[in-house]
Amino acid sequence: MRLPLVACLAILSILVQPAQVWKDQLGRVTLLSGILFIMLGLSTDSAPSLISSTAPPPSLMGLPPFPASLEGYKYVILKLGPLQLTLKGLSTATTSACLTFTVSSDLPFVVEST
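According to mature numbering (1 follows the signal peptide of the UniProt record, and there is no 0), the residues represented by the sequence shown are -21 to -1, 1 to 93, in order.
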């Protein structure tokens, strides 16, 4: 839902604005959103968590152990050395980049109308 919204917004900007304006504006906004997407996508889950669980393991509390997954859930999509792209990172990066694109591409309209 996010990506079609961004595509519609870009197409609407191309149709409404003069060529000099939308080329400059969409180029900068796309570059900003692309850099944000790459940075967030590769770094969201790459850093180890600073918070450790202080709860005792389930076996000490008299609970049965967690069942092992039959298929083994893999949420890592791509691994590049210390950096990895996970489903959570991809979701965070897509949301942030689309939101940045949407807000940043609407700013000139707000500034021009005031």
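Think of the CB as a built atom: it goes at the ideal place given N, C-alpha and C, for glycine as much as any other residue.
Item                                                                                                                                           : Value
Please name the residue, chosen from V55, P44 and S(-9), that lies closest to G6 on a Cα-to-Cα basis.                                          : S(-9)
If you count every other CB in all the chains shown that lies within 10 Å of the CB of V(-6), and 16 or more means buried, which is it?        : exposed
Which of helix, strand or coil does DSSP assign to L42?                                                                                        : coil
Check whether the region 16 to 23 and the region 64 to 75 are in contact - that is, three or more C-beta pairs closer than 8 Å.                : yes
I'd like the list of long-range same chain contacts for S12, defined as Cβ closer than 7 Å, with 5 residues on each side in sequence excluded. : A76, T79 and F80
Tell me whether the beta-carbon of S70 lies closer than 7 Å to the beta-carbon of V8.                                                          : no
By the DSSP assignment, the alpha helix (DSSP H) with T9 in it spans what residues?                                                            : A(-3) to S22
Classify K58 as helix, strand or coil using the three-state DSSP reduction.                                                                    : strand
Is T33 helix, strand or coil when you go by DSSP?                                                                                              : coil
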